Structure formats: structure tokens, C-alpha cells
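Residue numbers (my numbering), protein chains in the order written: chain V, 1290 to 1752; chain W, 782 to 1108; chain X, 315 to 640. Just so it is clear, CB atoms sit at the ideal spot from N, CA and C, and this is done for glycine as well. Treat the numbers as computed from the prediction; the structure is a model and nothing was measured. Structure, as C-alpha cells:
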Amino acid sequence: MAEFLMPSLGAGMESGVLTTWKVKPGDAVSRGDIVAEVETEKGIIEVEVFDDGVVSELLVDEGTKVPVGTPLAVIGGDGADAATDAGREADAGREAEPEPRTAAVADRPPAGRSSQVEARPAPGGRAHHDTPAARQLAREEGIDLRALTGTGLHGVVTRADVLRAIRTRQPAEREDRVSPYAPRRAEALGVELAAVEPGPAGAIHAAQVEAAAGRAPAEKPVAAKKTPASKTEPATKPKPADAQAAMRRAIAAAMTRSKQEIPHYYLAHTIDLGPATEWLTAENESRPVPERLIVGVLLLAAVAKAVREVPELNAHWTGEAAPPLDAVHLGVAISLRKGGLIAPAIHDADAKSPGELMSAFKDLVKRTRAGAIRGSELTSGTITVTSLGERGVETVYPIINPPQVAMVGFGKVVERPWVVDGELGVRPTITATLAADHRVSDGHRGGLFLAAVERLLQSPEDL
Amino acid sequence: MSSSAPSDRSHARTLLHQMLRIRRLEEKCAEVYTQGKIRGFLHLYIGEEAVAVGAIGALEDEDAIVATYREHGHALMRGVPMGAVMAEMYGKANGCSRGRGGSMHLFAVDRHFYGGHAIVGGGLPIAVGLALADEMLGRRRVTACFFGDGATDEGEFHEALNLAALWKLPVLFLCENNGYAMGTALDRHEADVELIHKPAAYGIPAEKVDGMDVVAVERTVRYEAETVREQGTPRFVELNTYRFRAHSMFDAELYRDKREVEEHKKRDPIALFTARCREEGLLDDEALEAIEKEVAEEVRAAVEEAEAGEIEPLATLASDVVSREVP
Amino acid sequence: MKRATYREAVRSAMRQAMSGDERVFLMGEDVGRYGGAFAVSKGLLEEFGPDRIRDTPLAESTFTGAGIGAAMGGMRPIVEIMTVNFSLLALDQIVNNAATMRHMSGGQINVPVLIRMATGAGKQVAAQHSHSLENWYASVPGLKVLAAGTVQDARDMVLAGLDDPDPVVLFETMVLYGMEGDLDEEAPYDGVWRAAVRREGDDVSLISYGSSLPKTLEAAEALSKEGVEAEVLDLRCLRPLDQQALEATVRRTHRAVVVDETWHTGSLAGEVVARLVEGAFYELDAPVERVCTVEVPIPYAKHLEDAAIPSVARIVTAAQRTLGKG
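Here's what the structure looks like:
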């Protein structure tokens, strides 16, 4: 048995509102599964569970604000335990979940433990309704709603049902939105909703269903006097889903707040990358191809180690101050293929060798693009690096990612005339910039940091 | 100053009996409040009983009464049974407002008792309207409107006096001046503490009376009410009194000195009246004991009735919000 | 049936009520000699005398409270508050007294008072004379709230409000007093408590009331020229709202635009949208749109005032959005 507690999702978080349960008693969970959404000052954050087992009891209702550390749920060792516990609690007269444990999905892959769960049949066959959120998620993820058992009121398939199904399936490419009425129209016209092309706004409405049915918009008497073109939406390619728009909004909100609240100062310094690139070439010759390093990883290593020397840059602003943090969790800005970006963190980056950093970085990029980043990875960064060299720019002026207090930017590697030991030569160089929070540090300390990055990059073998 | 003398034995007995009913009931209220049986706000009238007893005793049964949130005594005097008052405070279905009003909103419309009103000053326009209806319907009755000194701060006080005077309406304004607007002393909330100056500004005749002298209150209010009835125009009486207990149960009384309270308790209207009756030979120990016994029995029965009362079924929660659902 | 203005319709109803029931009287600021700030009661003083057409002091709280008290005392008062803006001075009486009295007394008292007030912007009278606060009153249990958007309703609602045993707040639209329309002075009037379909159409429901109704009807005609047939639902009774009618219209059209001159945040339209989502969620084929007043105290300058409040163009655009156009 284990308790699932209200997590501390950031420095200064004293409490959170449990907004949504993604599991219910009887659900099998594995370490790392997203089990709930918690609203904090920073917004709604998905939180993961840290134990394997079966949810035996939810202790906190949705919408409840509880202090950090409050038990939110009890996770049983396995299904049998949970059932026994539920029975005990019912016997003891406590409020127990009245329903039998209901199923996630029947084709859950064997998990190496006996979490037998039985599918509850939907009353009267297939659920008549699905919630729009469930439908949207199902379309985004390519889940066939008809295969799911609804656990909502009156057998409605809810978002949680779809989420459970997602855990066992591969996401699909399509990300359409569907109006609540469209599925009923599709059913009436005998149209397969999955085959309907969305309208210009990337959503499927009744009009798209009707177009797919190859008929005039409606069999309404007044339809005759209308021009069909005004009703029938041209079947076009789906536009990028609105998840992108939502991310854009989230970035907009965070960056606007950052720029409005944080007094940024900027420092730039051009660094000779000659020793680093030479070392890299030699080092990579001794490495198998999959383990070869890129120069970007050396930059990450240099930042992670340099910030130890100027610890005030490795901190979270708590509203009044930003005490330096012990661990260096290096946020890495990763742009997404469809637009937008996120900055998950490589934990304890200062203690990792370039090789370890390389594999951590590759893993992060892969999981970011697969949408498999955990909430904790998004909130734990203590300082972030952004590299825009691939985009051909020389200098980056980053905006700090709150509550962090500093961000480091790298441009592209440029060959420049460079004087070394009194002699002019051509060297690969890179411009490192620092955006830092003037409430926390001053330009003098920021300068020391960039100087430390430069110094470390001159001795890459020590990184 | 002592209390004025009652006219006879029966008069003496009636006044004392009524004042004691209020006091003993409220003492019981305070007790059961601490046990959690009464909740919400509980404003006790202890010390001010002579006002309600004298004033309402001087009115005709047909006269309308609009009172404040400190109105247990007024309801009792108007004949609302003690059990119905106590049950209301218990939030029971057998309360006089079926548990919807509580201590501050006792109503008995069949007795022309138009309620305890808990927005200071808010009852005055209602009283003016009741009098307007009387005037338009040709009913010759007085609407007695009780309010505290705090209400004289409110715009509605001035508006209501003006309108009653302008339209010549039969309202008797009865200002229960206990010296405090909640915790703010009169000279801290009024620029002119002579309250009868205010009705004068609207041409309303006014006088003041010692609110600790039940016989004087009765005599004054009887005269003023009869004048309103005859002339059909508003009049104003300031009744000077004092609240012996806190404003409500949750009041640390930081705003007044305990010695001040003790000083005023020397003019306890019940003690003053009892002493005067003894002097006059109108009440003896035996009679006093009999009254106390009778009142104690009534209070005991009232608590019993309240305890035994049913609670309103939850199914009736939203009933009596409107009189008629829309068609 | 005759042609009459909205103003004349209100007057006609008050005359009919006062002729038929001795208990009915009118009081308010300048309702007598002046003839009413909007000339609604012009001529009534001569007809009914100063006892029943009562000019009051400028004391909204107390004359409204006196109306409540008179209703408790057996009369059927019509309290005219010149505009909703001034009714804020009477909120204590309306919300704390009229609305609570029946429940607070355990059902002993009812308060048959009709409180009429003009509402809305559009006359360049700036921030303190242009409020639309129907939503405030519509949120208070114990009150019934009507809003007249047609000439006939201006008459019918006065009579229905006076017939009702509870406090009724009637919103008359300031800019509509001069509007002409058909008036049947013998029509039954009990229908005003239900929403009315003012125009039929299958493509989108335009839900409106009071000041926004004529604009909404105009928008529906404009949409028709583009091949979109809108159904226009006039809410009429803002409390209680006609849930059945709301659900029924969306079942027909699957799309809705709610037009309401109260401010966007906390608007009555917001309540309507919530009810559509609660009651007709699976009928919706597009997000519900709101056309409300921009969140600004109503400015004086005409172009700014026009831009602040719902307009035909904004209604048309919102309707088109629900149809995936624009």
C-alpha cells in the first residue's frame, strides 16, 4: 500500500487544487502514469504517480484545494489488495466507491502482475453519447470510441476512458475537433465520422458530415432557397490542430508575464570554439556512431558546470527572493515540429559527463516530440539553454522561463578572424548570451558566468 | 431618576410580567446559544425591555409594527407565542417564520407584526409604505416603526421621514437610542447627538422619553400614537435606553468600559419598576415570586416546544420564494 | 389592433390597470406634472388625480421601499424608477426587502409590486445613464424580471406584472419608447412569462430580448440575404428563464448566438449559454457565441457608444462564425 500525495510542483507552492482525477478506484497504475491534474499558481499541471499498483481509494474530491503533502489517493499493491481494502472500508462504514472496479481497456498488455479488471458493459449496449472532450482526445489520438466502455454518467464515454485507452495504443496523426451534434448527424446519415474531412476551421460540424454524405446540407424545407455553396464546406486538408494554438497561447502567457515581471539584463560574449571542436573531432573518432557527441552537448556541459560557480543564476524566484538551488537541472529549449516549444530539464546535468548528457539530451528530444514528457520534467528546470545555431542566427536574446532566473542562448558557430597569442587566425566562434533576472543577480556576476563558460570550453577534456 | 408609578396593581403586574418574559427568555437564549442550539446572529434586548413593553403596550392591536433585528421583545409584546419565537431561533418548522428567518426575522402578519428587519434603516421605507396603503385604503391605524440610533445615520432614515411628512402619513417613528450603533458610540457616529433635531428638519413633531421608565414610555407613546391616529401625520419619539449585553453573541465589547455598563445597570428598568411598585405597595414578594414562577414555566415550555419542533423538510427548501410560479 | 408607440403602449396598460383596479397607483420621480421623464405617464395625472399619480422626492430607496410596504399593506403599486442607473440607489429595498420578504417570513407575506425602469444605452447620455443591468436583477430569487422588446409586450408586461402576486421588475428600453408597432389593447397578456419565437429559421438561433431585439431581427434579415435563415427567440422573461424554449430552438438549429446589452462578463447571455450547455449540449454543432457590451463604461461620443453595444454587424458576424464562415 502506498499513499499518493499532493506533490510540490514548484518552489513556493504550498497547496494545489486537485482539478481532475484521471483514474478511479480499481484502475491499475504504473509509476510515471499521469493520474491527476493539479491547478497551481502556474496553471494546471499533470501529475504522475510514483508507485505501481491499483488505485484503491481516492481521498480528495475534484475541486478541492489541499496543502502539499496531503494524501490524495491510496495505491494498493495489486488488484486483490485493493478489493480487500475497499471491502474493509465499506465494512467499517466509511464511504467507499459504490461501483465495482471498472475497466480500463480489455487489451491492456500484460504488465507482469495480476491486475485483473473486468469491463463493465455499457447499459443498453453502446453509449449513446460521448463527451466532446473525450471525442476530441479520441480523434487526436486515433482512438475508436466505439471500442470503449463508458464510465461516465449513464455510460457516457469520458476523457478519462480515452486516456486509459491511449496508454495501450499508438497515437494517430489526425487531430480534428468534432462538434457535439456532428456524431449524431453522422449516425443519422450513415456516415463514418472518421472518414469525414474537417471544415476550414479544422473541425467537423454537421455541414462536413452532410458533405461527406454527398448531399445538400440538410433535408430542411428552407434549404431549397439557399445556395448549396453557402452551406457545404469545401473538403480541405485538415489544418494544424488547435493543440498548437493552445500551446501558442500558453507560451504567449508565460513569456508576456516573464517580460512584464522580470527585469531582464543581457550580456553577450563571443567564445573561441577551436579547442572544443578539435577535441570533439578526436573524441568522436573513438566513439561508435550512435554515441557520438555534438558540439551542443559541450555547450550544455559548460553551462551546467559554470553555473555552479555563479550559483545565484541557478535558482527559482519565490516571490521575494531566489535562494540558489543545490541541483542543476538544465532546461533545454526544444522546438516542436508543428510549432511551439517546450523546455524539459536534464536532471543533475552538472554531474553528467558529455556522453551522459548526450544520451539524456537525445532521450529528451525523442520523448518531447512523441509527447511523452512528464509534468515534473517541465517544472524542475533550474536554468535553461536555448540554441538557435541551426536556424542560422548569430546571437540569441532569450526571455527567462519563470520561475527560473537566468537563460543562456547560443547562436551558430561562425568562423571569424581571431587573435590568439598575438597572431591573427580564423577560428570557429560562437556567441553566448545570458539573460538574467536583475532582481537576483547583477551584470558583474553574469559576466563572471560567461567567462566561466568560455574558460570551461577551452579545456573540453575536463568537461 | 426612578421609575414612574403604574396606575394600579393589575397595571403593575402586567408591565412587570411582560418585561420579565423578555428578559428571562433572552437569558435562556444566551444559554442555549452557547450550546449551539441557536446559531447565526443573536442580538439580545436585555436592558431595553421597558421600551418594547411600554411602547407596544400603548398601541392598538390593529396598529402595524415594523421592528429591527433586536426584536424578540417586540414580537412577544405583540402576542407572538414564546414557543414560536424560541422555535424560530432553533430554526424549526414551528417557528413563527418556519425557520426561514431566525432571530432577526420574526414575523406575525396576522398580528400586524411586519417583521424584524436586519438592514439598518431598511425598515423605515416599508413602514412609510404600509402607512401609505392605510391612507389610500382609508384604514385608520398607526404604523409604529422601531429603529436604533444607528439608523439615523442612514439616508433611508432621512428619506423616509421626508416622505412621511410630505405625504402626511400616519407613521410613529420610535427611535430606540441605546447609545451605540453596534460598537460606535452616538457621539462618534452623529454630528448632532440631539436626535430629535432631525425630525424637526422635516417638520415632524418629536419628543424624547426615558426608555428605562416603562410607565413613562407607555404614557408618551400612547399620547403620540393617538395624535398620529387623529391627525394622520407622522410623529417621532426618542427612547433613551441602554443595552446591558454585547451587541451580539460574538462581540468582545472593546468599545465600552465595563464600568459604564455597571453604571447603567443601576438603572435596570425592571429593578427600577419593581422598586417603585414596592414603594407604592402595588407588588409584594409573593406577587413577584408568582410572576417569576409563571415566566419560568413559560420559558421552560417554550424551550420544550422548540426542542420538540420538526425541522422543515429539505424538499421545501425553495418553497415560498415566490407566491406563484409563472404560467 | 392599432398602431402605437412603445411609450403609448405602457401608458395604455397603466390606464387600463388603474381603471380596473382601485388599488393600482403610480409613483415615481416626475411621473405627474412633468408627465414622466420619457413622457410615459403624460396625461395620467389629469385622468387619475394626484392621489394615484404620485410625484416622489428624489429618494429612490425610500419611494421604492414605500411601494414595497404599500404592496404589503394591500395596494398594487407601480413604482417607476426613472432608469436602471438610479435603481442602484434602491437595490437595498429591491434585493433585501422585496425579494426576501416572502421566504424570510415563512410565506406570510407577498409583495405584489411592479417596479418599472428604463434601461440601456444608445442615446449618448454617457456612462451614468446608459447601464444595462438586467442580469443583476435576473440573478435574484424572489424577483420576477420582464424585458419588453416589442410594442405589444410593453403593454402586456405592465398588465401581467400587476396581476402577479410577487415583485416584478419590468425593464423598458430607453431607445425604444418612440418605436411604433401594432398594439392590441384587448389581447390576453399572460404569455409574457414565456419566450417567443419572433422569426423562424433553421440555420442558427439568435437569442435576444429588450433593447437588442430589434437589432437582432434586423440582423436576421441581413443574414437571410446571404442565404442564412436565423430563428430569433425573444426571451421576454429574464427570471425565470424559459428553459424549454431555449432547448427547443437549439434543437431546431444546432447553433446559437446570444445577444444581450449587459456587459460580457457575468452577462445574462452567459447564463443563457450555460443553460444551453446544461440542457442541450448534444444538440450543439458549433460553439455558442455571445454578443454583449464591450467592457467599458458607456462612452459619450456616438461612434464609441455604437461600438460598445451590440450592433447588427456584430450579430451577423457572430452568426456567421457559428456557421463556419468568417
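Review point. Would Glu1078/W count as contacting chain A if we go by Cβ distances under 8 Å?
Key: Considering every chain present, this structure includes no chain A. Its protein chains are V, W and X.
Practice item. May I ask you to list, following chain order, the residues of the region 899-921 of chain W that have a beta carbon less than 7 Å from some beta carbon of chain X? Key: Ile900, Gly903, Pro906, Ile907, Ala908, Val909, Gly910, Leu911, Leu913, Ala914, Asp915, Met917, Leu918
**Study point:** Buried versus exposed, by CB contacts within 10 Å (16 or more), Arg1081/W
**Key:** It counts as exposed.
Check your understanding: What residue range is occupied by the uninterrupted beta strand (DSSP E) comprising Leu918/W?
Key -> Run containing Leu918/W: none in the beta strand (DSSP E); it sits in the alpha helix (DSSP H), 904-918.
Review point. Are the C-beta of Arg1473/V and some C-beta of chain X separated by less than 8 Å?
Key: Contacts with chain X at 8 Å (Cβ-Cβ) include Arg1473/V.
Exercise for review: Kindly indicate which three-state DSSP category Arg368/X falls into: helix, strand or coil?
Suggested key: strand
Check your understanding: Taking Cβ-Cβ distances below 9 Å as the criterion, which residues of the region 567-593 of chain X are in contact with chain W?
Key -> none
Practice item. Report the rounded CA-to-CA distance for Pro391/X versus Asn411/X, giving the unit in angstroms. Key: 15 Å
Exercise for review: State whether the region 326-340 of chain X contacts the region 461-478 of chain X, with contact taken as three or more CB pairs (one from each stretch) at a distance under 8 Å.
Suggested key: yes
Practice item. Give the single residue among Val1654/V, Arg1716/V, Gly1305/V whose Cα lies nearest to the Cα of Glu1567/V. Key: Of the candidates Val1654/V, Arg1716/V, Gly1305/V, the one whose C-alpha sits nearest the C-alpha of Glu1567/V is Arg1716/V.
Practice item. Look at the alpha carbon of Ala1083/W and the alpha carbon of Thr795/W, and state the distance between them as a whole number of angstroms. Key: 20 Å
Review point. Can you pull the DSSP bridge partners for Ile521/X?
Key: Leu547/X, Val572/X
Review point. Nearest chain W C-beta to Gln422/X closer than 8 Å, yes or no?
Key: yes
Review point. Relative to the C-alpha of Asp789/W, which residue among Glu1086/W, Val1009/W, Val996/W is closest?
Key: Val996/W
Exercise for review: Could you tell me which of Val1584/V, Gly1444/V, Ala1571/V, Pro1577/V sits nearest to Thr1718/V, measuring between CA atoms?
Suggested key: Val1584/V
Review point. Along the chain, where does the beta strand (DSSP E) that runs through Pro1706/V open and close?
Key: 1703-1709
Review point. Given that a residue counts as buried once 16 or more other Cβ atoms are within 10 Å of its Cβ, and exposed if not, what is Tyr614/X?
Key: exposed
**Study point:** Short CB-CB distance (under 8 Å) between Glu603/X and chain V
**Key:** no
**Study point:** Cβ contact (3+ pairs, closer than 8 Å) linking the region 426-441 of chain X and the region 392-399 of chain X
**Key:** yes
**Study point:** Uninterrupted beta strand (DSSP E) stretches inside the region 1012-1039 of chain W (no shorter than 3 residues)
**Key:** 1016-1021
Practice item. Could you tell me whether any Cβ in chain W is nearer than 8 Å to the Cβ of Asn411/X? Key: yes
Check your understanding: Residues of chain W with CB under 9 Å from Cys551/X, in chain order?
Key -> Val1107
Exercise for review: Tell me whether Tyr1555/V sits in a helix, a strand or coil according to DSSP, three-state version.
Suggested key: Here DSSP, grouped into helix, strand and coil, assigns Tyr1555/V to strand.
Practice item. Quick one: which unbroken beta strand (DSSP E) runs of 3-plus residues sit fully inside the region 784-855 of chain W? Chain order, please. Key: 845-849
**Study point:** 8 Å Cβ cutoff met for Tyr961/W and Arg1024/W
**Key:** yes
Exercise for review: Kindly indicate which three-state DSSP category Phe938/W falls into: helix, strand or coil?
Suggested key: helix
Practice item. Please confirm if Leu947/W has its CB atom under 8 Å from at least one CB of chain X. Key: yes
Review point. Which same chain residues, not among the five before or five after Ala1507/V, have their C-beta less than 7 Å away from its C-beta?
Key: Unreliable placement is indicated for Ala1507/V, whose pLDDT of 46 sits below 50; the coordinate value is still reported in the next sentence. So the list reads Glu1499, once near-sequence residues are dropped.
**Study point:** Per-residue contacts from Gly1629/V into chain X (C-beta, under 9 Å)
**Key:** What Gly1629/V touches in chain X: nothing, since even the nearest Cβ is about 23 Å away.
Check your understanding: Within 10 angstroms of its Cβ, does Pro1108/W collect 16 or more other Cβ (buried), or is it exposed?
Key -> exposed
Check your understanding: Are there 16 or more other CB atoms within 10 angstroms of the CB of Gly1626/V, so buried, or fewer, so exposed?
Key -> Note that residue 1626/V is Arg in the sequence shown, not Gly. Arg1626/V should be labelled exposed.
Point to revise | Coil, strand or helix - Gln634/X by DSSP | key: helix
Review point. From the beta carbon of Gln330/X, is the nearest beta carbon of chain W less than 8 Å away?
Key: Put simply, the CB of Gln330/X is far from chain W, with every gap to its CB atoms at 8 Å or more.
Review point. So what's Phe894/W in DSSP terms, helix, strand or just coil?
Key: strand
Check your understanding: Along the region 469-486 of chain X, what residues have a CB closer than 8 Å to any CB found in chain W?
Key -> Asp478, Pro479, Asp480
Check your understanding: How about the region 835-846 of chain W and the region 983-1000 of chain W: do they share at least three Cβ pairs that are nearer than 8 Å?
Key -> yes
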